[in-house]
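Engineer: Before I ask anything, here is the structure I am working with.
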Amino acid sequence: MDYGRFVEMHRDRHEAFARDLEAMRERPHTIGFAQLDDLATRYRVLLHDYAVARERFAGTAATRRLRRLTLNATQVLQRAPADHLPSLGSLVRVDVPRAIAAMRSSILAICALFTFSALLGYALTVLDPALGATFVGPDSVEGLRRGEIWIDSVFAELPAGLIAVMISINNMKVALFAWAGGLLLGVGALYAALINGVMLGAVIALTARFSMEAPLLDFIGAHGPLEITLILVAAGAGLHMGRSFFVDDERPRSQRLAAAGREALLALAVCLLGLFLLGFIEGYVSPSIAPTWSKWTVGLVLEALFLTWVASVPRPDRAARTQAAGAAT
Amino acid sequence: MTDLVEPSRPAVGNRSPLDASQDPRALGGARGATARDGGILGLDNVQLDLELAGIGSRTLAIVLDYLVLMVGFALVLSGALAVASIFAFESIWPWVIGLLAIFALQLGYFAAFEIATQGRTPGKMALGLRSVSDLGGRPSTSAFLVRNLLRAIDTPLGVLPIMLDGRCRRFGDMVAHTLVVHDRPERATVDVGRVPTAWGLREVTVVESFLERADRMEEARAAAMAQEILDWMWRRHPQFLAEAGLTEPGIERGDPVLWLRAVLATPAPSTSAGSAISTADV
């Protein structure tokens, strides 16, 4: 086929397609399924025209015009699969528990590392208190000597609301970096678990050295258990992404990574929301004069609720089970 | 168009005609077949030629976006200051809301813009870039969220994967299956529909390129070049020009660019002797 004929035969059709595509881009919600179906059929014809043009008339204006039109049409018409947001009910009952269940081994690994590093931090600080001092600073150590814990001075200087927001933001940043750092083959997530564990162990050991563990435990009771859990879940989600580079299953690595990314995103969203709310508990409830047992009750109830929720993974429905059984046979 | 394969109709049902059922990956257009450059396989394994954004344009876009963010931070702080002054600096809530707004901007600026504008932030708009899925289409909302939340590591480290990856992807792009491409507005093209038989693609593209640029060129210069092409055609293809209605050299009056367009840009009748780049020329 000669170039002139090619241009003559297709120009009007391509221009009409470009007009319809533009109309769809400008008013996507007015397009019915029949029109979309028609546009999709014409899109496939366009693709074939482009395949011919790029093969036979490379570099010509018609080919360049077709290339641009093809790319525009692809952008408008080609939607990523499953591009729909699940309902809130589905998110709460199904999606989040399933996502966290899928990364259970990564979260457990992070928890194990955190526990180990907390014990390590405790032991090292008992042996050498300078380690604990590096985390809290020399002024705080001086305060501990005088029987004052640094938390009191922080709350004396700033209003509780401001502290609550600053704590929320800081915790969310920690969770975000632990999550994103997990993509670096898990290194960032492991580092977050390690450093937070060592820090917690060292601080507890340091306060115990000055017999100030009671005020510390009083302060962390209401928010501490869930706060640590959420940060560990975020780090576990990051590790889950990092592990998908290595885990060997039937899917290509890129697909494993994308699936892990979607699951990790759900876990992160839950953690960020939880940490945001916990910041206010830390700002208002934790420094209050409420008895220690009541703070710990709040903290443990929150922790139990969270763990119960994420552990309640719904069983696959009957249709899915039947399909799976059919596939197996 | 006998040489075109009749495309099969897309799936019809409750889903979009171009949804996952038409995913080339599902049809066997394996990702492994994806080229290292912007050549990706579209529907029916037709190769699309995406123009991937390199590290330069992406860096410039991110710098612009951070400038916009700085302006946003400044506005939020000014707003907080103004509101706090109304309350004689006795209320902490302007500062609380200001802090939260700054964090929300940090966290959500990129994702919010990309979701709202189908892959473009102000920086990308200025540079003519767009985030697309690795099939050339619109990424899912979760893909936009993932690629932008992973900026936490991509901001300090993302340059390295962009430089090393054949498709210029940072970590966030790899996880979200996205690409950043140039998305330039369509430029007016001039297709020549009638060309001398002896012309190959080189002659066609040169003349098309000239005709596309002629309107933007200095008038006298464009006219001189068009006249030069016409003179050359008179020497080499007098028969072709005669069939187009020009009987002798120099008979054309007025703007030679218009003459050249008239001679070449009109689609040739199918019976014309002056057709054709034959397929053998390609």
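Residue numbers (my numbering), protein chains in the order written: chain W, 23 to 351; chain U, 1473 to 1754.
Even for Gly, the Cβ is constructed at its ideal location relative to N, Cα and C.
Examine chain W for any beta-carbon lying closer than 8 Å to the beta-carbon of D1703 of chain U, and answer yes or no.
Structural biologist: Here residue 1703 of chain U is taken as the residue at index 231 of the second sequence, counted from 1. Not one chain W Cβ lies under 8 Å of D1703 of chain U.
Engineer: Given a cut-off of 8 Å, decide if L261 of chain W and S139 of chain W are closer than it, judged by their beta-carbon atoms.
Structural biologist: Here residue 139 of chain W refers to the residue found at position 117 when the first sequence is read from its first residue. Here residue 261 of chain W refers to the residue found at position 239 when the first sequence is read from its first residue. No.
Engineer: In chain order, what residues of the same chain have a beta carbon less than 7 Å from the beta carbon of C133 of chain W, not counting five sequence neighbours either side?
Structural biologist: Within the first sequence, residue 133 of chain W is the residue found at index 111, counting from 1. Contacts found: L254.
Engineer: Secondary structure at V1652 of chain U, three-state DSSP: helix, strand or coil?
Structural biologist: As a position in the second sequence, residue 1652 of chain U is number 180, starting the count at 1. V1652 of chain U falls in the strand class under three-state DSSP.
Engineer: Within 10 angstroms of the Cβ of H51 of chain W, are there 16 or more other Cβ atoms? Answer buried if so, exposed if not.
Structural biologist: In the first sequence, residue 51 of chain W corresponds to position 29, counting from 1. Answer is exposed; the Cβ neighbour count stays below 16.
Engineer: Among W:L299, W:G81, W:T251 and W:R231, which has the Cα closest to the Cα of L149 of chain W?
Structural biologist: Numbered from 1 along the first sequence, position 127 holds the residue referred to as residue 149 of chain W. It is W:R231.
Engineer: Does M263 of chain W come within less than 8 Å of chain U when only Cβ atoms are used?
Structural biologist: Sequence index remark: in the first sequence, residue 263 of chain W carries index 241 (1-based). So yes, M263 of chain W belongs to the interface.
Engineer: Spatial neighbours of P1594 of chain U within its chain, please: C-beta separation below 8 Å, excluding the five flanking residues on both sides.
Structural biologist: For this step, residue 1594 of chain U is matched to residue 122 along the second sequence. Cβ neighbours of P1594 of chain U beyond the five flanking positions: L1536, D1537, V1540 and F1585.
Engineer: According to DSSP, which residues form a beta bridge with S308 of chain W?
Structural biologist: Position 286 of the first sequence, counted from the start, is the residue given in the question as residue 308 of chain W. Beta-bridge pairing links S308 of chain W to no other residue.
Engineer: So if I threshold CB-CB distances at 7 Å, which residues from the segment 1518-1549 of chain U count as touching chain W?
Structural biologist: V1518, L1520, D1521 and L1522
Engineer: How close, in whole Å, do the beta carbons of I173 of chain W and P309 of chain W come, if the pair is a contact with beta carbons under 8 Å?
Structural biologist: Along the first sequence, one-based indexing puts residue 173 of chain W at 151. Along the first sequence, one-based indexing puts residue 309 of chain W at 287. Correct: roughly 7 Å between the Cβ atoms.
Engineer: Is the CB of T1661 of chain U under 8 Å away from at least one CB in chain W?
Structural biologist: Mapped onto the second sequence, residue 1661 of chain U falls at position 189. Yes, its Cβ sits closer than 8 Å to a Cβ of chain W.
Engineer: How about R1693 of chain U: is its C-beta nearer than 8 Å to some C-beta of chain W?
Structural biologist: Here residue 1693 of chain U corresponds to residue number 221 of the second sequence, with the count starting at 1. Output row for R1693 of chain U: interface = no.
Engineer: Indicate whether at least one CB of chain U lies closer than 8 Å to the CB of T319 of chain W.
Structural biologist: For the purposes of this step, residue 319 of chain W is taken as residue 297 along the first sequence, with counting starting at 1. For T319 of chain W, the answer is no, since every Cβ of chain U falls outside 8 Å of its Cβ.
Engineer: Between R1610 of chain U and the rest of its own chain, which residues show a CB-CB distance below 6 Å, the 5 nearest in sequence each way excluded?
Structural biologist: Taking the second sequence and counting its residues from 1, the one referred to as residue 1610 of chain U is at position 138. Taken in chain order, the residues that qualify are Q1590.
Engineer: Residues in the segment 1639-1658 of chain U with C-beta within 7 Å of chain W's C-beta atoms, listed in sequence order?
Structural biologist: Of all residues in the segment 1639-1658 of chain U, only F1643, M1646, V1647, A1648, H1649 and E1658 place a beta-carbon less than 7 Å from a beta-carbon of chain W.
Engineer: To the nearest whole angstrom, what separates the beta carbons of A1573 of chain U and G283 of chain W, a pair I think is in contact under 8 Å?
Structural biologist: In the second sequence, the residue the question calls residue 1573 of chain U occupies position 101. In the first sequence, the residue the question calls residue 283 of chain W occupies position 261. Going by Cβ atoms, the distance from A1573 of chain U to G283 of chain W rounds to 28 Å, so no, they are not a contact pair.
Engineer: Closest by CA to V209 of chain W, which one among W:R278, W:P119, W:L135 and W:T156?
Structural biologist: Position 187 of the first sequence holds residue 209 of chain W. Answer by Cα proximity: W:L135.
Engineer: Against L93 of chain W, what residues of chain U qualify as contacts under a CB-to-CB distance less than 7 Å, listed in chain order?
Structural biologist: Against the first sequence, residue 93 of chain W aligns to sequence position 71. Residues of chain U whose Cβ lies closer than 7 Å to the Cβ of L93 of chain W are, in chain order, L1520, L1522 and G1608.
Engineer: Skipping 5 residues on each side, what residues in its chain have a beta carbon closer than 7 Å to that of I21 of chain W?
Structural biologist: Given a span of 23 to 351 for chain W in the structure shown, any question on residue 21 of chain W remains unanswerable.
Engineer: Going by beta carbon distance, what residues of the same chain come within less than 7 Å of L1713 of chain U, once the five residues before and after it are set aside?
Structural biologist: Numbered from its first residue, the second sequence carries residue 1713 of chain U at position 241. Only M1705, W1706 and V1735 meet the Cβ criterion.
Engineer: Less than 8 Å between the CB atoms is what I'm expecting for D1663 of chain U and A84 of chain W, so what's the real figure, rounded?
Structural biologist: By 1-based counting over the second sequence, the position of residue 1663 of chain U is 191. By 1-based counting over the first sequence, the position of residue 84 of chain W is 62. Sure, about 5 Å apart at Cβ, within 8 Å.
Engineer: Closest Cβ-Cβ distance between M125 of chain W and chain U: below 8 Å?
Structural biologist: Walking along the first sequence from the start, residue 125 of chain W turns up at place 103. No, its Cβ sits nowhere closer than 8 Å to a Cβ of chain U.
Engineer: State buried or exposed for P274 of chain W, treating a residue as buried only when at least 16 other CB atoms are found within 10 Å of its CB.
Structural biologist: Stepping through the first sequence from its first residue, residue 274 of chain W is reached at position 252. That one is exposed.
Engineer: Determine which residues share a DSSP beta bridge with S1681 of chain U and list them.
Structural biologist: Your numbering for residue 1681 of chain U matches position 209 in the second sequence. In the DSSP output, where bridge partners are listed per residue, S1681 of chain U has none listed.
Engineer: Counting only Cβ pairs nearer than 7 Å, list the residues of chain W close to E1677 of chain U.
Structural biologist: Against the second sequence, residue 1677 of chain U aligns to sequence position 205. According to the sequence shown, residue 1677 of chain U is Thr rather than Glu. Those are G81 and T82, listed as they occur along chain W.
Engineer: Thinking L288 of chain W and A121 of chain W are a contact (beta carbons under 8 Å), I'd like their distance in whole angstroms, please.
Structural biologist: As a position in the first sequence, residue 288 of chain W is number 266, starting the count at 1. As a position in the first sequence, residue 121 of chain W is number 99, starting the count at 1. Confirmed, about 4 Å.
Engineer: Looking at the C-beta of I1625 of chain U, does it have a partner C-beta in chain W at a distance below 8 Å?
Structural biologist: Translated into positions along the second sequence, residue 1625 of chain U becomes position 153. Chain W contact via Cβ: present.
Engineer: Can you confirm whether the segment 1635-1642 of chain U touches the segment 1574-1581 of chain U when touching is taken to mean that 3 or more C-beta pairs between the two stretches lie within less than 8 Å?
Structural biologist: no
Engineer: Under a Cβ-count criterion, where at least 16 other Cβ atoms within 10 Å of its own Cβ denotes burial, should P247 of chain W be classed as buried or exposed?
Structural biologist: Mapped onto the first sequence, residue 247 of chain W falls at position 225. Result: buried.
Engineer: Just to confirm, is the Cβ distance from S277 of chain W to G1608 of chain U under 8 Å?
Structural biologist: Walking along the first sequence from the start, residue 277 of chain W turns up at place 255. Walking along the second sequence from the start, residue 1608 of chain U turns up at place 136. According to the sequence shown, residue 277 of chain W is Gln rather than Ser. Cβ atoms of Q277 of chain W and G1608 of chain U: not closer than 8 Å.
Engineer: What does the alpha-carbon distance come out to for the pair M46 of chain W and N1517 of chain U?
Structural biologist: As a position in the first sequence, residue 46 of chain W is number 24, starting the count at 1. As a position in the second sequence, residue 1517 of chain U is number 45, starting the count at 1. Going from the Cα of M46 of chain W to the Cα of N1517 of chain U covers about 25 Å.
Engineer: State the Cα-Cα distance for the pair G1646 of chain U and R1708 of chain U, rounded to the nearest angstrom.
Structural biologist: Along the second sequence, read from residue 1 onward, the residue named residue 1646 of chain U stands at position 174. Along the second sequence, read from residue 1 onward, the residue named residue 1708 of chain U stands at position 236. It is Met, not Gly, that sits at residue 1646 of chain U in the sequence shown. Those two C-alpha atoms are separated by around 54 Å.
Engineer: Going along the chain, which residues of the segment 265-281 of chain W sit with their C-beta nearer than 7 Å to a C-beta in chain U?
Structural biologist: P274, S276, L279 and A280
Engineer: L1621 of chain U and A202 of chain W - do their beta-carbons sit closer together than 8 Å?
Structural biologist: By one-based count along the first sequence, residue 202 of chain W stands at place 180. By one-based count along the second sequence, residue 1621 of chain U stands at place 149. Result yes, Cβ atoms of A202 of chain W and L1621 of chain U sit closer than 8 Å.
Engineer: Taking only the alpha-carbon atoms, compute the straight-line gap between R1666 of chain U and L1732 of chain U and give it to the nearest angstrom.
Structural biologist: Residue numbering aside, residue 1666 of chain U sits at position 194 when the second sequence is read from its first letter. Residue numbering aside, residue 1732 of chain U sits at position 260 when the second sequence is read from its first letter. Going by the C-alpha atoms only, they are around 11 Å apart.
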